[in-house]
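A.B. asks: Below is the structure I would like to discuss, written out as structure tokens.
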Amino acid sequence: MNPLVWRFAVGLTPPSLIDNASDASRLKAALLQPRLHIPLTVLRGLPAYLRDNDYTVTGIIAADGGPPDIKIVSIGQQGSYGVALDIGSTNIWGELIDLDTGAVLCKEVITNPQTRYGADILTRIFYSMQEDGGAAALYECLVGAVNAVIKSLRGPIAQEAVHAVVVAANTTMTHFLLNLPVNNIPTSPYIPVVNAPGFQSPSNLGIEINPEGVIYLFPNAGSYVGGDIVSGIIASKIYKSDAPSILIDIGTNVEIAVGTKDWILVGAGAGGPAFDEGIAGIGGRAAGGAIYDVSLDAALNVNLQTIGGAPPSCLCGTGMVSLVASLFEAGIIEQNGALIEGKRNVVNSAQGSGFLLYEDGGGRQFIVYQTEINNFLLSKAAMFTLLSVMTHTVGLAFSDIDKFILTGALGTHIKAKDVKILGLLPDVSEDRIIHIENASLAGAGGLLRDRGLLDDIKVITNLITYKEMNEDTGFMNELQGAMFIPHTDVTRLKG
């Protein structure tokens, strides 16, 4: 353990007439830290604490900009905790970590309440720019949500015992949390206010932890590739690899990093609601009752698997991938995704043709409509095209890639078999497809446990080149063929 916030215990030489150094200077000297910052709140209690404890001091120190910039967070306090956050446009994930042991004590996920201002990032950006007080509303909404997650995670643990928060978020969500203008992010030349916000004060952000604690935000790499992918790179360790690997973070946006220990190229594209709970009218978050696996037997009977084995309540992103792959395998949809009239469970309604996925005894029906399948295939095509363009940009073929590392809300749980049927990924052996459950959250937790990763983050940011996909003319040329299952040119899938 080399945590971002750590405990110290030291004995001081009591002052005398011939050694009348100040209490603060005496503490710095005992800790061999002449650049140690001692906040005013700590200074106020220091004299009484020293004299009540025979000049033996225990306390908490935090990195505050990285060594040698450190500060005392508190003295005499027992217990030290940190919170790792992955702030996505759709969901906010958090975990509470004991900074003495590194153990994860609990996890939490909530829907990002900013969705009330728009399901996607661009809608929220325009809201912040056009509505009077819109930017303030988005900031207050997000900070309130972060504080709610932290409060839920810590439970009976005192607010003052939470000494650090590490945030992994995309560029726009980072700007919303910092209450920074986002006007220039969506328009050419796509310039954020800041790339590396680094350490921030809890009081400046309104984050409810120990007031002298630290907040660290991962640096972004561009307007659409944020600190969440940098955190994911930490967790995936592709920056330590000799052979090229690809990290694919699949959520509302698809972010990709391809690279080695010598270079990393990053880029992003829209995944859209087809990769999260906006997937369909029956879409929902991956929680109890969500359909996550669909299969059809030889007689075209539908078999469903739900989270927790509960009665079906919705269809999550993983379930949609499984459904479309199964429909294609069973010959119920064409290569272009069109439902075939007359096939079992293909129905027609006022909303058009659809596939009847589930019907309970009370007449409730789950139908996935043709338009929703089409939207899914557009999202799948965008992801594969992004992957293809990124790989070819660095002069590599899919066969040159050692590992395909999947993460994100969808990437963690989709089956390699379904991915290959649909052409989401190239046709590679399953041992080359690796899953990491929420690499962004894992990277944030890793930094809480090991402040040495601050140096690794500097290495990564120096390795990264950002590719702006909005200006790539080859993207649209590639997209059309990828909208078919698995592709109009299957040789493009060879890995």
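Numbering-wise (the numbering used here), the sequence shown opens with residue 6 and increments by one.
We put the CB at the ideal spot given by N, CA and C, even for glycine.
Since this is a predicted model, take the numbers as computed values, not measurements.
#1: Give me the Cα-Cα distance between L332 and G359, rounded to the nearest whole angstrom.
#2: Would you kindly report the start and end of the unbroken beta strand (DSSP E) that includes H180?
#3: Determine the direct distance from the alpha carbon of T179 to that of P186, and round the result to whole angstroms.
#4: Can you tell me whether H397 is buried or exposed, with buried defined as 16 or more other CB within 10 angstroms of its CB?
#5: At what residue ranges does the region 215-292 contain a whole run of the alpha helix (DSSP H), taking only runs of 4 or more?
#6: If distances are taken between C-alpha atoms only, which option among D267, V230 and V373 comes closest to E260?
#7: Can you have a look at C321 and say buried or exposed, based on whether 16 or more other CB atoms are within 10 angstroms of its CB?
#8: Hey, would you say A262 sits closer than 8 Å to F223, going by beta carbons?
#9: Do you know how far the Cα of A335 is from the Cα of I345?
#10: The alpha helix (DSSP H) that contains F131, what's its start and end?
#11: Smallest Cα separation from K385: which of T257, G313 and G357?
#12: In whole angstroms, what separates the C-alpha of G423 from that of I312?
#13: Please check the pair V373 and L328, which I expect to be a contact at CB under 8 Å, by giving their CB distance rounded to whole angstroms.
#14: In terms of residues, what are the limits of the alpha helix (DSSP H) holding G322?
#15: With I234 and L468 assumed to form a contact (beta carbons below 8 Å), what rounded beta-carbon distance in angstroms separates them?
#16: Can you look up I338 in the DSSP assignment and give me helix, strand or coil?
#17: Which stretch, first to last residue, makes up the beta strand (DSSP E) that contains S354?
#18: Determine which residues share a DSSP beta bridge with N96 and list them.
#19: Roughly how many angstroms lie between the CA atoms of A387 and A402, to the nearest whole one?
#20: At the level of alpha carbons, what is the spacing between I23 and L104?
#21: Restricting to Cα atoms, I'd like to know which of A304, Q485 and F13 is closest to N350.
#22: Helix, strand or coil for V495 per DSSP?
#23: Measuring straight from C-alpha to C-alpha, what distance separates S236 and A124?
#24: My output table needs one value for D407: the three-state DSSP class, helix, strand or coil.
#25: For the beta strand (DSSP E) that V307 lies in, which residues bound it at each end?
#26: In this structure, how does DSSP classify L427 when only helix, strand and coil are distinguished?
#27: Would you be able to state if there are at least three C-beta pairs under 8 Å between the region 24-40 and the region 50-70?
#28: Tell me which same chain residues have a C-beta within less than 6 Å of the C-beta of K112, skipping the five on either side of it?
#29: Pick helix, strand or coil for Y195, following the three-state DSSP scheme.
#30: How long is the line joining the alpha carbons of D494 and Y86, rounded to whole angstroms?
#31: What is the rounded straight-line gap between the Cα of I43 and the Cα of V78?
#32: From this set, G274, D247, A248 and K425, which residue's C-alpha is nearest T390's C-alpha?
#33: Among the residues of its own chain, which have a CB less than 6 Å from the CB of H418, if the five just before and after it don't count?
#34: Between which residues of its own chain and L411 is the CB-CB distance below 6 Å, once the five residues before and five after are set aside?
#35: Give the DSSP bridge partners of A169, in chain order.
#36: If G232 sits next to M474, beta carbons under 8 Å apart, how far is it from one beta carbon to the other, in whole angstroms?
C.D. replies: With the structure as the only source:
#1: Each residue's Cα considered, the two are about 12 Å apart.
#2: First-last for H180: T176 to L183, but that is the alpha helix (DSSP H), not the beta strand (DSSP E).
#3: Approximately 11 Å between the Cα atoms of the pair.
#4: Around the beta carbon of H397, fewer than 16 other beta carbons sit within 10 angstroms, so the residue counts as exposed.
#5: Annotation note: the region 215-292 contains the following uninterrupted alpha helix (DSSP H) runs of length 4 or greater, listed N- to C-terminal: 232-241.
#6: Looking at D267, V230 and V373, the one whose alpha-carbon comes closest to that of E260 is V230.
#7: When all chains shown are included, C321 counts as buried.
#8: No; because the gap between Cβ atoms is not below 8 Å, this pair is not in contact.
#9: Looking at the two C-alpha atoms, the distance is approximately 11 Å.
#10: Residue range I126 to Q135 is occupied by the alpha helix (DSSP H) that includes F131.
#11: Of the listed residues, the one whose Cα sits closest to K385 is T257.
#12: Checking the displayed sequence, the identity of residue 423 turns out to be Asp instead of Gly. Taking C-alpha positions only, D423 is separated from I312 by approximately 18 Å.
#13: Going by Cβ atoms, the distance from V373 to L328 rounds to 6 Å, so yes, they are a contact pair.
#14: Here the alpha helix (DSSP H) through G322 covers G322 to E334.
#15: Incorrect: roughly 13 Å between the Cβ atoms, too far for contact.
#16: Looking at I338 - three-state DSSP - the assignment turns out to be strand.
#17: V351 to S354 is the extent of the beta strand (DSSP E) around S354.
#18: Answer by DSSP bridge pairing, in chain order: T116.
#19: If I take the Cα positions, the gap works out to 18 Å.
#20: Straight-line Cα distance between these residues: approximately 40 Å.
#21: The shortest Cα separation from N350 among A304, Q485 and F13 belongs to A304.
#22: In this structure, DSSP gives V495 a helical state, which the three-state scheme calls helix.
#23: Answer to the nearest angstrom: the Cα atoms are 24 Å apart.
#24: Here D407 sits in coil by DSSP.
#25: Segment V307 to T311, the beta strand (DSSP E) holding V307.
#26: Assignment of L427 by DSSP, reduced to helix, strand and coil, places it in the helix class.
#27: Using a C-beta cut-off of 8 Å, the region 50-70 makes contact with the region 24-40, since at least three inter-stretch Cβ pairs fall below that distance.
#28: Around K112: E100.
#29: Three-state result, Y195: coil.
#30: Distance from the CA of D494 to the CA of Y86, rounded to the nearest whole angstrom, comes to 52 Å.
#31: Whole-angstrom Cα-Cα distance: 8 Å.
#32: It is G274 whose Cα lies nearest to the Cα of T390.
#33: Closer than 6 Å at the Cβ level, and outside the excluded window around H418, lie T323.
#34: Hits under 6 Å: I253 and H440.
#35: According to DSSP, A169 bridges with G87 and V219.
#36: That pair is no contact at about 18 Å.
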